[in-house]
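Contents: one structure, followed by commentary.
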Amino acid sequence: MKKNILVLFLFASALYSEKISSIRVVGTKNLTEDFVIFASGLKIGDEFSYPALEDAIKNLFRRGEFKDITARGEQTQTGIALEFEVEENPTIEGIEFSGNKNIKKQELEQSTGLSKGEFVNPQKIKEASSKIEELYRKKGYNNISVEPKTFESREGRVLIKFNIDEGEKTRIKKIIIEGVHALKENEVKKKLGLHEKSLIRSGKFDRNKYEKGKEKIIACYNENGYLDASLVGDSIWAKGKDQFVKLVISEGAQYFVGNISVEGESLIPESRIKKLIGLKPGEVFNRKKYEEGISAIYAEYSDSGHIHANIESEITKDELIPGDTSKVYASISLKISEGAPAYVHLINIKGNNKTFDKVIRRELVIKPGEIFRRNKLMRSLRNLYYLNYFEEITPEWEILENGDVDLTIRVKEKAVGSIQGGVGYNAVDHLVGTIALKIPNLLGRGWDSSLDLEFGSRRVDVSLSFTEPYLFDTPTQFGFDMYSTRWKWEGYYTEQREGGGVRLGRKLTWPDDYFAVSGSYHFEGLRYYDFSASYTPTPAYDLRKEEWPQYRSSVGLALTRDSRDNQFFATQGSLNSVSLEMAGGPLLGDDEYQKLIARSYWYFPVFKYLSVVAKGRWGALVNLWHKNKRVPFSERFFAGGISPDGQLRGYVDRSISPTEWSTAPGDTTGRKYEFKVGGQAVLILSAELRVPAVKDQLYISVFADAGDVWLKPKQTSLSHLKKSVGVGTRFIIPMMGILGIDVGYGFQRPEGGSIEVHFQLGPEQ
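This note's numbering applies: residue 1372 is where the sequence shown begins, and numbers increase by one.
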């Protein structure tokens, strides 16, 4: 690779005040002149400088398309005329392999990272050879040799041929570890990550695992106080197809924590710093805890804006504690330079081609002019991810000369607006067709809007919704909803609801800024008709005796705290809410009731990517306006399946309910039929272990549910709950949303334990 800069001019002193008047490229074969100019980073009208020209040539070489670049410049009456003369690297005409008896060409070609038509240079070919060798090593081969050769097939194009000597496939016969006394030999072998060949183990040698395993062994010793532990020897050899691995370990002495001294702190108390270290005098010295403690101290300073803080940490070994000669101690000394706090100078937003800047800025809790606090930055990123408008959000910051910070939030927008259509199935509505227009970031202003149509043999639903999350640029949410829904309940009746409502909410700053309060007004018309011949209610619940339609006027109040890290695939945080809906009384209307719903969902990250979810939901329904008047049947609770009243998987939808018995009208046999009357109290408990298969797109879960419905709230009890277990999954289907599939086994089904399959579309309830 060569680069030449030849600048021809008449007056050198004038160069740095001249602008670039023209840029010309010669020598291209596969690339266009415009592409080369764009890749250089130079533009006509830019001020000319030697550093800028050097950077332009570096930009071009960095891409890998060029073998040689010569730059020439000439001063003209209008400025500096630049000319780039380039020689392109050859492109790949084809890739061939020889000697590969055990690995197919397709897999080898994929491992090289090369492809036909790509520009290639000797460094890329060398890297491709190394990748082939690594592929063979991962499959248990040793003494591999890869020799690449290039042949010019035609001008500017080459054929690459890799001649492979596969060596011999070996399996680990024996792992020998010497010098292990303090730890169990099996524990050390486990850290190595390799296994001897057996009936259930392949014995394959993996070089990457081997190198990482050696580091894990020393780390394990360090965590147990052996700070001087080291590998004094390691060797690998083969005899025929048998491979042997030998490690020799020097354990050294076991250290205990001695004195912990801190100097230079003023912002954070010494007691707090010692607590963050995570070690106490007299206990075994755990290096991992020590390193995590240092990181925690840095994080604490960053949270207070002291991002320039410096911690000089020193471990002094072989110290003796007076009166104790039985142990060897290692003392910790921390010298802290806190530095001045850094302030935010500018916040730049980049990558938002559609979304208005203010939609992003209003979610930032970190502001220009404030101290640059790490925890505020992390909270700001969480708020942006929670919008679900962006695929990627990357914070970048630049330290200025005075120590302050210019912050850049770089986003990559999702295609959030969509017209959806499809066909689905669930246990309640059977076959359902859907047409939906959903625009969660309408016109880039953060408005959430949707128009939905669902139609099927049992259900027809039309709904319109709009939400402005920041009314008048304040954290006040305003929205309205309109809908018309018709359900045909098999064996019962047809239920029709038509109505709408308005919503008003506000984000709070106390007790913390995860809280929000909201209120709503709702008006609805409801009627039941087309009663089935098999509809046999008790006289008290016979809907045929009532006049329809009936009208409902209600207000709602809700208090919510939502600290989840993701709306749809949360792994930490919690969602807690209490809501009260009141209908009738001074609000008029035909129905009278008060409905209280409390829910608490908690998300805990556990080992690696696993998470545990614990959920509880309780509801009560009463009529305080007229205690002797029955609450409306349409608002009573029915649990089971994926019922919105109470998700209890493993049971048929809406099958869990208090029951009464009655005879059918005109039935002279006296036979009584069971009728589910619904309850005025519901309790649902659930626990799940979630395993993400694809981050934020697909997870698999194991769950256990328990719950019941009671006729009166005072009857609520934790005894004799109906229980179920099962497995499920949630995944995103493009243009449709989140699809959930659960398979549950209900233990207290009337017909005996049985499996029930549930389908649902949308986020968790």
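Glycine included, each C-beta is placed from N, C-alpha and C at the ideal position. Note that the structure is a prediction, hence the values are computed from the model and not measured.
Reference Thr1942, options Leu1453, Phe1975, Gln1477, Ser1834, closest by Cα: Numbered from its first residue, the sequence shown carries residue 1942 at position 571. Of the listed residues, the one whose Cα sits closest to Thr1942 is Phe1975.
Closest by C-alpha distance to Glu1952, when choosing among Lys1966, Phe1886, His1677: In the sequence shown, counting from the first residue as 1, residue 1952 sits at position 581. Comparing Cα positions, the closest option is Lys1966.
Opening and closing residue of the alpha helix (DSSP H) in which Ser1482 lies: By one-based count along the sequence shown, residue 1482 stands at place 111. Residues 1476–1483.
Span separating the alpha-carbon of Arg2101 from that of Arg2020: Position 730 of the sequence shown, counting from 1, holds the residue named residue 2101. Position 649 of the sequence shown, counting from 1, holds the residue named residue 2020. The C-alpha of Arg2101 lies about 14 Å from the C-alpha of Arg2020.
Spatial neighbours of Asn1994 in its chain, beta-carbon cut-off 6 Å, leaving aside the 5 residues before and after: As a working mapping, residue 1994 is identified with position 623 in the sequence shown. Glu1963, Tyr1964, Lys2000, Val2002, listed in sequence order.
Contacting residues, own chain, Cβ-Cβ under 6 Å from Val2128 (five flanking each side not counted): As a working mapping, residue 2128 is identified with position 757 in the sequence shown. Correct list, in chain order: Val2114.
Minimum C-alpha distance to Ile2027 - residue among Asn1812, Phe2046, Ser2033: Position 656 of the sequence shown holds residue 2027. Cα-wise, what sits closest to Ile2027 is Phe2046.
Backbone secondary structure at Ser1751 - three-state DSSP: By one-based count along the sequence shown, residue 1751 stands at place 380. Looking at Ser1751 - three-state DSSP - the assignment turns out to be helix.
Start-to-end residues for the alpha helix (DSSP H) that takes in Gly1862: Residue numbering aside, residue 1862 sits at position 491 when the sequence shown is read from its first letter. Element bounds for Gly1862: n/a, residue is neither H nor E.
Coil, strand or helix - Asn1557 by DSSP: Numbered from its first residue, the sequence shown carries residue 1557 at position 186. Here Asn1557 sits in helix by DSSP.
Which residues DSSP lists as bridging Tyr1972, in chain order: Taking the first residue of the sequence shown as position 1, residue 1972 is located at position 601. Answer is Leu1946, Lys1986.
Stretch-stretch touch, CB-based, cutoff 8 Å, three pairs: the stretch 1741–1750 with the stretch 1662–1682: With three or more CB-CB distances shorter than 8 Å, the stretch 1741–1750 counts as touching the stretch 1662–1682.
8 Å Cβ cutoff met for Lys1706 and Gly1611: On the sequence shown, position 335 is the one that residue 1706 refers to. On the sequence shown, position 240 is the one that residue 1611 refers to. Taking the C-beta atoms as reference points, Gly1611 is found no nearer than 8 Å to Lys1706.
Coil, strand or helix - Glu1498 by DSSP: Translated into positions along the sequence shown, residue 1498 becomes position 127. In the displayed model, Glu1498 falls within a helix according to three-state DSSP.
Reference Lys1729; option with closest CA among Lys1646, Asn1471, Leu1814: Within the sequence shown, numbered from 1, the residue matching residue 1729 stands at position 358. Lys1729 has its Cα closest to that of Leu1814, out of Lys1646, Asn1471, Leu1814.
Phe2130 versus Ile2109: straight-line alpha-carbon distance, rounded: For the purposes of this step, residue 2130 is taken as the residue at position 759 of the sequence shown. For the purposes of this step, residue 2109 is taken as the residue at position 738 of the sequence shown. Looking at the two C-alpha atoms, the distance is approximately 11 Å.
Spatial distance of Asn1534 from Phe1522 (CA atoms): Indexing the sequence shown from 1 puts residue 1534 at position 163. Indexing the sequence shown from 1 puts residue 1522 at position 151. Approximately 13 Å, taken between the alpha carbons.
Inter-stretch contact (C-beta, 8 Å, three-pair minimum) for the stretch 1535–1551 and the stretch 1468–1475: Cβ pair count under 8 Å is three or more, so yes.
Segment limits, alpha helix (DSSP H) that includes Ile1731: Here residue 1731 refers to the residue found at position 360 when the sequence shown is read from its first residue. Residue range 1728–1732 is occupied by the alpha helix (DSSP H) that includes Ile1731.
Among Leu1602, Leu1778, Ser1905, Asp1426, nearest to Glu1622 - alpha-carbon criterion: Working through the sequence shown from its first residue, we reach residue 1622 at position 251. Comparing Cα-Cα distances from Glu1622 to each of Leu1602, Leu1778, Ser1905, Asp1426, the minimum goes to Leu1602.
Burial state of Leu1778, where buried means 16 or more other Cβ atoms lie within 10 Å: Your numbering for residue 1778 matches position 407 in the sequence shown. Sixteen is the threshold: when 16 or more other Cβ atoms of the shown chains lie within 10 Å of the Cβ of Leu1778, as they do, the residue is buried.
Contact check, Ala1452 vs Leu1431, beta carbons under 8 Å: The residue you call residue 1452 lines up with position 81 of the sequence shown. The residue you call residue 1431 lines up with position 60 of the sequence shown. Against a cut-off of 8 Å, the Cβ pair of Leu1431 and Ala1452 comes out as no contact.
Alpha-carbon to alpha-carbon, Val1776 and Glu1389: Numbered from its first residue, the sequence shown carries residue 1389 at position 18. Numbered from its first residue, the sequence shown carries residue 1776 at position 405. Their Cα atoms are separated by approximately 33 Å.
Length of the line joining the Cα atoms of Thr1856 and Val1782: What you label residue 1856 is simply residue 485 of the sequence shown in a count that begins at 1. What you label residue 1782 is simply residue 411 of the sequence shown in a count that begins at 1. A straight-line Cα-Cα distance of about 39 Å links Thr1856 and Val1782.
Contact belief for Gly1987 with Ala2052 at Cβ below 8 Å, rounded distance in angstroms: By one-based count along the sequence shown, residue 1987 stands at place 616. By one-based count along the sequence shown, residue 2052 stands at place 681. Between Ala2052 and Gly1987 the Cβ distance is about 14 Å, and since that is not below 8 Å, they are no contact.
DSSP three-state assignment for Gln2131, whether helix, strand or coil: The residue labelled residue 2131 in the question sits at position 760 within the sequence shown. Here Gln2131 sits in strand by DSSP.
Span of the beta strand (DSSP E) around Ile1764: Within the sequence shown, the letter at position 393 stands for residue 1764. Annotation: the continuous beta strand (DSSP E) that includes Ile1764 extends over 1761–1770.
For Ala1713, three-class secondary structure by DSSP: As a working note, residue 1713 is residue 342 in the sequence shown. In the structure shown, Ala1713 falls within a coil segment according to DSSP collapsed to helix, strand and coil.
Val1984 and Tyr1972 closer than 8 Å at C-beta: In the sequence shown, the residue the question calls residue 1984 occupies position 613. In the sequence shown, the residue the question calls residue 1972 occupies position 601. Yes, the pair counts as a contact, with Cβ atoms nearer than the cut-off.
With 16 other Cβ atoms within 10 Å as the buried cut-off, status of Glu1772: The residue labelled residue 1772 in the question sits at position 401 within the sequence shown. Taking a 10 Å sphere around the C-beta of Glu1772, we find fewer than 16 other C-beta atoms and assign the residue as exposed.
Host alpha helix (DSSP H) of Glu1425 (start-end): On the sequence shown, residue 1425 is found 54 positions in, with the first residue counted as 1. Counting along the chain, the alpha helix (DSSP H) containing Glu1425 begins and ends at 1421–1434.
Cβ distance (whole Å) where Thr1447 is taken to contact Ser1392 below 8 Å: Taking the first residue of the sequence shown as position 1, residue 1447 is located at position 76. Taking the first residue of the sequence shown as position 1, residue 1392 is located at position 21. That pair is a contact at about 6 Å.
Alpha-carbon to alpha-carbon, Glu1895 and Thr1865: Against the sequence shown, residue 1865 aligns to sequence position 494. Against the sequence shown, residue 1895 aligns to sequence position 524. Answer to the nearest angstrom: the Cα atoms are 16 Å apart.
Residues sharing a beta bridge with Ala1887, DSSP: Along the sequence shown, read from residue 1 onward, the residue named residue 1887 stands at position 516. Bridge pairing for Ala1887: Lys1878, Thr1931 [DSSP].
Beta-carbon spacing of Ser2014, Gly1960 below 8 Å: What you label residue 2014 is simply residue 643 of the sequence shown in a count that begins at 1. What you label residue 1960 is simply residue 589 of the sequence shown in a count that begins at 1. No, the Cβ-Cβ distance between Ser2014 and Gly1960 is not below 8 Å.
Cβ pair count under 8 Å reaching 3, the stretch 1837–1848 against the stretch 1876–1888: As far as the Cβ criterion goes, the stretch 1837–1848 touches the stretch 1876–1888, which means the pair count is three or higher.
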